[in-house]
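Residue numbers (the working numbering): -11 to 461.
Using N, Cα and C, we set each Cβ at its ideal position, and we do this for glycine too.
See below for the structure under consideration.
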Amino acid sequence: MNAWQASVIFCALLSGAAVKAQSPKAEDALARDIFKELIQINTTDSVGNVTAAAQAMAARLRQAGFTDADMQLLGPNDNKLNLVVRLRGTGKHKPVLLMGHLDVVEARREDWSMDPFKFVEKDGYFYGRGTQDMKNGDAIMVTSLIRLKQEKFKPSRDIILILTADEEGGKSNGVDWLLKNHRELIDAEFALNHDDFSVVSTGGTPQFYKLQASEKVYADFQLSAENHGGHSSEPEPDNAIYALVNALARLQKHVFAPELNAVTRGYYEKMSRIETGQRAADMRAILNDPPGPAAVARLSEDITDNAILHTTCVPTRLQGGHANNALPQQAVANVNCRILPGHPPESIRQEIIGALADPRITVRFVADNFEVSDTAPERRAYPPPPLNPVMMKPLEKLVSQFWPGMLVVPAQSLGATDGVYLNAVGMPVFVLTGIEIDRDDVRMHGQDERLGVASFYKGNEFFYQYIKAMTAR
Ligand SMILES: [Zn+2]
-11 MNAWQASVIF
-1 CALLSGAAVK
9 AQSPKAEDAL
19 ARDIFKELIQ
29 INTTDSVGNV
39 TAAAQAMAAR
49 LRQAGFTDAD
59 MQLLGPNDNK
69 LNLVVRLRGT
79 GKHKPVLLMG
89 HLDVVEARRE
99 DWSMDPFKFV
109 EKDGYFYGRG
119 TQDMKNGDAI
129 MVTSLIRLKQ
139 EKFKPSRDII
149 LILTADEEGG
159 KSNGVDWLLK
169 NHRELIDAEF
179 ALNHDDFSVV
189 STGGTPQFYK
199 LQASEKVYAD
209 FQLSAENHGG
219 HSSEPEPDNA
229 IYALVNALAR
239 LQKHVFAPEL
249 NAVTRGYYEK
259 MSRIETGQRA
269 ADMRAILNDP
279 PGPAAVARLS
289 EDITDNAILH
299 TTCVPTRLQG
309 GHANNALPQQ
319 AVANVNCRIL
329 PGHPPESIRQ
339 EIIGALADPR
349 ITVRFVADNF
359 EVSDTAPERR
369 AYPPPPLNPV
379 MMKPLEKLVS
389 QFWPGMLVVP
399 AQSLGATDGV
409 YLNAVGMPVF
419 VLTGIEIDRD
429 DVRMHGQDER
439 LGVASFYKGN
449 EFFYQYIKAM
459 TAR
């Protein structure tokens, strides 16, 4: 098929108004049109509607030839329907799952210099809530599926795409809900999540390709001290606030054991080639078994390396007392932990109790819905398996074509994505995109969120080619 024929087919899929003369390629125009449509559907938890976005994407896919047998709109309520769509393959291999969330973080008009729910192209950027997180990826994944369908491409495995609700908050997380209610629809060998950028650049120059292949696990603990209280004119040695604050000071000194897994080991192997001097030497030293303690200590002075190498726990809220002239009857702190995969939250609770070294302090687990319980879950995230060559080989090949000379660096997320639900049932999740963002221009959840126009189009082409190459055999 020549470019002109392709243009005719793709332009037929577009609503007339969006066909822009300056978009040279039909697949760019299609992706841009879908992107625009998504940005302009408000999908915040407060006043937005995820279902409207899911339905709009279903309509696009239906127009491209997907039948109702290949698509489902499912969810716990009318506002939070998730879209599940399947491009059928030969069945030679287990499916691959592509995942993206449709919801966006709240954005107030007065905080922005423009309407956050209006799609604007200006000075080489697309502006709007969700341009980085992550309606860019939703549009790119939908475009890729449409292109593959139009070409009658037969992948060696089913390609399943889910576009879901409530990743950013809300009570109806789509991935969690689909796993619990329709596991059979989303079962796959591994998942590709588009919920981040992959090409990290500085001052407009790409530095490395970040392949997120593991996540830390989020857990909150409530620390509390109780006392009978009394008149503040006669202080007693046993004081709830002192007890808690002193215990927190001991927690601050506590260091969880450093640990590497398949992904962070790969990360330091690659980064030691990018870094120089002492840092590079330290990165090589921690790869020894056992890791060099001096190198671990030096690296851990960097807050990011510290968080990569250790489980971390930090107090994030503090409250206590009930009157200015009374001894406190209670003092309470929230301690937020980011746990290395492989450790259940209960073992971390036990370690915190040991570090506090004060039986007056009670340590309870706080669930996502803020329910407090005496013990924490035993359920743990699986430590990441070695990187799957089925995913890795075509990735390294394509990255070297799109960004010659650039290294693919496996990475462990310090935060959490929807991948956490899939990791918990043993499905590896990779955050894999062709999106490039400058370190200084990360605007997810922030004001005047934007994405470079060139980055979007390059990412669009990259993802399509990657999916095609990865599922070709
Ligand atoms: Zn996101």
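C-beta atoms of residue i and residue j nearer than 8 Å
i, j, result
"Ile174", "Leu180", "no"
"Ala42", "Asn67", "no"
"Ile148", "Pro83", "yes"
"Trp100", "Asp436", "yes"
"Ala250", "Met415", "no"
"Phe418", "Phe114", "no"
"Leu239", "Ile340", "yes"
"Ser221", "Asn65", "no"
"Leu395", "Tyr197", "yes"
"Val360", "Val351", "no"
"Ile349", "Ala231", "yes"
"Glu424", "Pro194", "yes"
"Val38", "Leu90", "yes"
"Phe105", "Ile22", "no"
"Gln318", "Ala404", "no"
"Pro246", "Val284", "yes"
"Met259", "Asp183", "no"
"Phe178", "Met45", "no"
"Asp33", "Arg76", "no"
"Ser186", "Leu410", "no"
"Thr252", "Ile296", "yes"
Counted within 10 angstroms of its Cβ, other Cβ atoms place residue i as buried (16 or more) or exposed
i, result
"Asp208", "buried"
"Pro279", "buried"
"Gln546", "In the structure as shown, the chain starts at -11 and stops at 461, and residue 546 therefore has no counterpart that could be examined."
"Gly162", "buried"
"Gln200", "buried"
"Ala460", "exposed"
"Gln389", "exposed"
"Arg367", "exposed"
"Gln400", "buried"
"Arg171", "exposed"
"Glu224", "exposed"
"Gly440", "buried"
"Gly157", "exposed"
"Thr131", "buried"
"Arg97", "exposed"
"Pro398", "buried"
"His298", "buried"
"Pro281", "exposed"
"Ala235", "buried"
"Ala47", "exposed"
"Pro372", "buried"
"Glu289", "exposed"
"Pro143", "buried"
"Ala442", "exposed"
"Gly393", "exposed"
Limits of the unbroken beta strand (DSSP E) element including residue i
i, result
"Asn70", "Asn70 to Leu75"
"Asn411", "Note, Asn411: premise wrong, no beta strand (DSSP E); alpha helix (DSSP H) at Gly407 to Ala412."
"Thr350", "Ile349 to Val354"
"Ile254", "Note that residue 254 is Gly in the sequence shown here, rather than Ile. Premise fails: Gly254 lies in the alpha helix (DSSP H), Ala250 to Ile262, not in any beta strand (DSSP E)."
"Arg337", "Here Arg337 belongs to no beta strand (DSSP E); instead the alpha helix (DSSP H) covers Pro333 to Leu344."
"Asn322", "Gln318 to Ile327"
"Ile423", "From DSSP, Ile423 is part of no beta strand (DSSP E); its letter is neither H nor E."
"Ser401", "Val396 to Ser401"
"Glu109", "Val108 to Lys110"
"Arg305", "Thr300 to Gly308"
N- and C-terminal bounds of the alpha helix (DSSP H) containing residue i
i, result
"Arg267", "Gly265 to Ala273"
"Met129", "Lys123 to Gln138"
"Lys381", "Pro377 to Phe390"
"Phe114", "Premise fails: Phe114 lies in the beta strand (DSSP E), Tyr113 to Tyr115, not in any alpha helix (DSSP H)."
"Asn448", "Val441 to Met458"
"Leu232", "Ala228 to Lys241"
"Ala283", "Pro281 to Ser288"
"Ala295", "Ile291 to Leu297"
Anticipated Cβ contact below 8 Å, residue i with residue j, distance rounded
i, j, result
"Leu315", "Gly217", "5 Å"
"Lys385", "Gly422", "At roughly 13 Å, the Cβ-Cβ gap does not stay under 8 Å, so Lys385 and Gly422 are not in contact."
"Glu203", "Ala369", "7 Å"
"Pro303", "Asn322", "7 Å"
"Arg326", "Thr300", "5 Å"
"Leu49", "Leu133", "7 Å"
"Pro382", "Tyr454", "6 Å"
"Thr31", "Val72", "Not quite, the Cβ-Cβ distance comes to about 17 Å (not below 8 Å), so this is no contact."
"Phe54", "Lys110", "Wrong, their Cβ atoms sit about 34 Å apart, outside the cutoff."
"Pro333", "Ala364", "4 Å"
Within-8 Å CB hit, residue i to chain D
i, result
"Pro104", "This model lacks chain D altogether, as it is built from one protein chain only."
Query raised in the report: Quick one: complete alpha helix (DSSP H) runs, 4+ long, within the segment 150 to 206?
Result: 162 to 169 and 171 to 174
Query - Any beta strand (DSSP E) of 3 or more consecutive residues that is wholly inside the segment 13 to 85 - result: 59 to 62 and 70 to 75
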